[in-house]
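Structure record follows, encoded as structure tokens.
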Amino acid sequence: MDLFKYLRPASTTPQAEHQPHGVHNPRETLRAKTVELIRPGFVSLDEALETAGSFAEDEALPVRADEIERIVTATWDDLADCQRDWSSEGDYEKLRAAFADLERAGVVARMNFACCQDCGHAEIEAEKTADGQTGYVFFHQQDAERLSGDDAQLFLAFGLFTTHGASTPEERALAARQLGLLIATTMRSNGLAVDWDEQASSRIAISISNWRKRLPLVSA
Numbered sequence: 001m002d003l004f005k006y007l008r009p010a011s012t013t014p015q016a017e018h019q020p021h022g023v024h025n026p027r028e029t030l031r032a033k034t035v036e037l038i039r040p041g042f043v044s045l046d047e048a049l050e051t052a053g054s055f056a057e058d059e060a061l062p063v064r065a066d067e068i069e070r071i072v073t074a075t076w077d078d079l080a081d082c083q084r085d086w087s088s089e090g091d092y093e094k095l096r097a098a099f100a101d102l103e104r105a106g107v108v109a110r111m112n113f114a115c116c117q118d119c120g121h122a123e124i125e126a127e128k129t130a131d132g133q134t135g136y137v138f139f140h141q142q143d144a145e146r147l148s149g150d151d152a153q154l155f156l157a158f159g160l161f162t163t164h165g166a167s168t169p170e171e172r173a174l175a176a177r178q179l180g181l182l183i184a185t186t187m188r189s190n191g192l193a194v195d196w197d198e199q200a201s202s203r204i205a206i207s208i209s210n211w212r213k214r215l216p217l218v219s220a
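Sequential numbering of the sequence shown, starting at 1, is according to full-length UniProt numbering.
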């Protein structure tokens, strides 16, 4: 089954052929958004239905509630059917292992965390559970949607907790850079390609070419 059929314009369908120039088929727009929501593997079917409904309302798409439910459910079922043939979870498996390594090293590591980067930095302090945890790394929900396509770049934000022992701005900057180096090294040791300028103010980019996270509550 073609995992990306909803991301391509439906130019051969009668509905699409009769769309005026510059006007998109609202159902295909919703299908594409639905794939962005579901394929990364972080949302449940109920969450996808709710978010797709809000998206259709915000974008003023002329799509009925029953059509939204049908599109989202069909997309979910198609993607769930595709993953039954997976023998591994690809780059997700590598990233999960890297995050587990970082957790063991005292770094709080979270996937699909918060709605955006600013909220992630503000909220992740609450995820700290042990005194030895001095820093964190995460990617947020908008970043996660990048994982719906091929050859994605996933951007990892990182930083130090306010309880970190660095006493001066210089010490804190050095500690943050060392944290970034640890994260980058851990990603590479788990088989992920890294692009980072080694500056604490820059996010760490991870190349993703085979993302295969299974959908929640869908067994192999």
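Glycine is no exception: its CB is placed at the ideal position from the N, C-alpha and C atoms.
- In the DSSP assignment, S201 forms no beta bridge with any residue.
- Exposed is the label assigned to A126, since fewer than 16 other Cβ atoms lie within 10 Å of its Cβ.
- For F155, the secondary structure class from DSSP, reduced to helix, strand or coil, is strand.
- Here L154 is near L147, since their CB atoms are less than 8 Å apart.
- Two segments are said to touch when three or more pairs of C-beta atoms, one from each, lie closer than 8 Å; by this definition the segment 102–112 does not touch the segment 54–62.
- Under the three-pair Cβ rule at 8 Å, the segment 203–215 counts as touching the segment 33–43.
- Within the segment 99–145, the runs of beta strand (DSSP E) at least 3 residues long that lie entirely inside it are, in chain order, 107–110 and 135–138.
- Pairwise C-beta distances place the segment 190–209 in contact with the segment 172–182, as three or more of them are shorter than 8 Å.
- Taking the CA atoms as reference points, G180 sits about 16 Å from N190.
- Between the segment 94–101 and the segment 117–126, the count of C-beta pairs closer than 8 Å stays below three; the two stretches do not touch.
- Shown here, L49 sits in a helix according to DSSP, grouped into three states.
- F158 and E89 have their C-alpha atoms spaced approximately 24 Å apart.
- Checking the DSSP bridge columns, you'll see L160 partnered with G135.
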